[in-house]
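The structure appears right after this line, and notes come after that.
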Amino acid sequence: MNLIIIIADTWRADYLGCYGNDWIQTPNLDQLAAEGAVFTNCYADGLPTIPARRVYFTGKSILPMENGWRPLYPHDVTIAEVLQKHGFTTGFIADTYHYFKPNLNFHKGFNSWEWIRGQESDQWQSGPKGKFDPKKHIPEHLWNENYDRLMRQYLMNTQDWQAEEDYFCAQSFRAGMRWLERNVDQKPFMLWIDTFDPHEPWDAPQRFQKMYYDNYPCERFLFGYGVRRQDIRPDDIPAIKGLYAAEVTFVDRWIGRFLEKVQDLGLMDDTIIAFSTDHGTHLGELGCVQKTPALLNSCVARLPLIVRHPDSQFAGKRVDALANAVDFMPTFLSMLGVEGSEEMTGKNFWKLATGETDAIYERVFTGFGTFAAVRDLQWHYFQHIKGENPGKGPCLYDLTNDPGETTNVADEHSDVVSQMRSYIEERFEVNLFRDA
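Each residue of the sequence shown is one higher than the one before, counting from 2 in my numbering.
In structure tokens:
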């Protein structure tokens, strides 16, 4: 059995048709979901980018957030290393440039790896930045010097684009197709593809943008890092949502192209295919755009998770029990019949799909910066836990009556707040103000 894992950064679960969205166009992932199992309550362990990927690669929780943006150390045992020792050919393709920052070592255990350069503010291309004018790509009230600096690098990195095939996610999946063609006979194999899209800047081809909005403020509206949240106006939100939705549909298109190659090479009958992300993003909810540690709502912490097994008995399966990002490595190793590392702290979520168990967690935890969250199937609670005023600012959501997490009911349920806070104290090894 082979394994293909696809990670697409910053993908909200509710921006997939298979997760109940009736207007987004994601036909290829919806088809993958129809042929596989969909896990509706999978949540992040540690955020953001590199902390999340440490969890994926090692099967170890990084909570209580003491080792977030750190490299993979020599003693860290990765999924690639385990599979390599068991005779798997391992490949790694990514345009997520954070992986390849000096000494992070995320390529260890892979027989081959390929870095698609240029995403976001990757210091790839150089030259006269004065030829680029970020002010042409954003409304005046959203421009600032930090945005200008970051976007000049991005514009320089993308200056040679001429077709959709030149976009970063397209390059990554085209590289994945080439890898499969060259390694189709090197079974068993694991291929890990990681694209930074749909992370900001949201810059899909215009034909995708026009699917969702008609009145963008610029011909090539580039919303990305550097924009200050306090500068965003309510009338900016429709265009921002359109940009994000376009990016989602564009990435789905290239996932579809890649899956066609998997099919053409006859790999569907002996390959497990999994899709997920590291986190989602806010798109105007609670007055916020982009992710922020202070708001660990489901639109950020909930992960889409689709797993297609060649055995068709799992086609269309939906699992509502809790799962966590830390479960990826132990689950996939178990599905491949490979014994994992003793250091793994995750559990096997595939037992939920097979019916071997109804639940693997009573509650799951997420950490992001100085904020922590705990959730079960009824309540979601998060708060500030470190620095000044730990324990202040609690948010409690009643998931039964408010699944969209729009109303903070902490003041009405002090008993629940107290219980959830005690869970956070234990898991994150902190003492919080009881009168907060």
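The beta-carbon is built from N, C-alpha and C at its ideal position, and this holds for glycine as well.
{"query": "CB of Glu344 within 8 Å of CB of Val78, strictly", "result": "yes"}
{"query": "Sufficient close CB pairs (3 or more, under 8 Å) joining the segment 222-242 to the segment 252-263", "result": "no"}
{"query": "Exposure label - Cys219; buried when at least 16 CB within 10 Å", "result": "exposed"}
{"query": "Closer than 8 Å to chain D by CB, Asn42", "result": "Absence of chain D from the displayed structure is noted, only one protein chain being present."}
{"query": "Distance between Ala316 and Phe93 (C-alpha atoms, nearest Å)", "result": "27 Å"}
{"query": "Own chain partners of Glu427 with C-beta closer than 7 Å, once the 5 adjacent residues on each side are dropped", "result": "none"}
{"query": "CA nearest to the CA of Phe133, picked from Arg13, Leu151 and Arg229", "result": "Leu151"}
{"query": "Span of the alpha helix (DSSP H), counted from its first residue to its last, around Glu82", "result": "Ile80 to Lys86"}
{"query": "Whole runs of the alpha helix (DSSP H) within the segment 248-315, excluding any shorter than 4 residues", "result": "299-302"}
{"query": "Collapsed DSSP secondary structure at Glu115 in the structure displayed", "result": "strand"}
{"query": "Where Arg422 falls: helix, strand or coil (DSSP)", "result": "helix"}
{"query": "Assigned exposure category for Trp380 - 16 Cβ within 10 Å defines buried", "result": "buried"}
{"query": "C-beta atoms of Met212 and Gln26 nearer than 8 Å", "result": "yes"}
{"query": "Coil, strand or helix - Ala35 by DSSP", "result": "helix"}
{"query": "Three-state secondary structure assigned by DSSP to Leu323", "result": "strand"}
{"query": "Limits of the unbroken alpha helix (DSSP H) element including Thr59", "result": "Thr50 to Thr59"}
{"query": "Pairwise C-alpha distance: Asn158 and Gln120", "result": "8 Å"}
{"query": "Buried versus exposed call for Glu201 [16 or more other C-beta atoms within 10 Å across all chains shown]", "result": "buried"}
{"query": "Anticipated Cβ contact below 8 Å, Gly281 with Val301, distance rounded", "result": "5 Å"}
{"query": "Burial state of Glu430 (16 or more Cβ within 10 Å)", "result": "exposed"}
{"query": "Touching by the beta-carbon criterion (3+ pairs, under 8 Å), the segment 44-51 and the segment 276-292", "result": "yes"}
{"query": "Which residues DSSP lists as bridging Ile6, in chain order", "result": "Trp193 and Ala275"}
{"query": "Beta carbon of Ala324 nearer than 8 Å to that of Ile361", "result": "yes"}
{"query": "Cβ shell of Phe197 (< 6 Å), same chain only, five flanking positions each side left out", "result": "Asp10, Asp96, Thr97 and Gln120"}
{"query": "Sub-8 Å separation of Met1 and Asp271 beta-carbons", "result": "This structure does not reach residue 1, given that the chain is present from 2 up to 437, and the question cannot be answered."}
{"query": "Reduced DSSP secondary structure (H/G/I, E/B, other) of Asp412", "result": "helix"}
{"query": "Ile25 (DSSP reduced to helix, strand or coil)", "result": "coil"}
{"query": "Three or more C-beta pairs below 8 Å linking the segment 105-116 and the segment 57-75", "result": "yes"}
{"query": "Exposed unless 16 or more other CB atoms sit within 10 angstroms - verdict on Trp1", "result": "This structure cannot speak to residue 1, because the chain is shown only from 2 to 437."}
{"query": "The alpha helix (DSSP H) enclosing Gln207, as first and last residue numbers", "result": "Gln207 to Gln210"}
{"query": "Beta carbon of Tyr155 nearer than 8 Å to that of Ser127", "result": "no"}
{"query": "Extent of the continuous alpha helix (DSSP H) to which Arg175 belongs", "result": "Phe169 to Asn184"}
{"query": "Closest by C-alpha distance to Gly388, when choosing among Asp359, Asn432 and Ala34", "result": "Asn432"}
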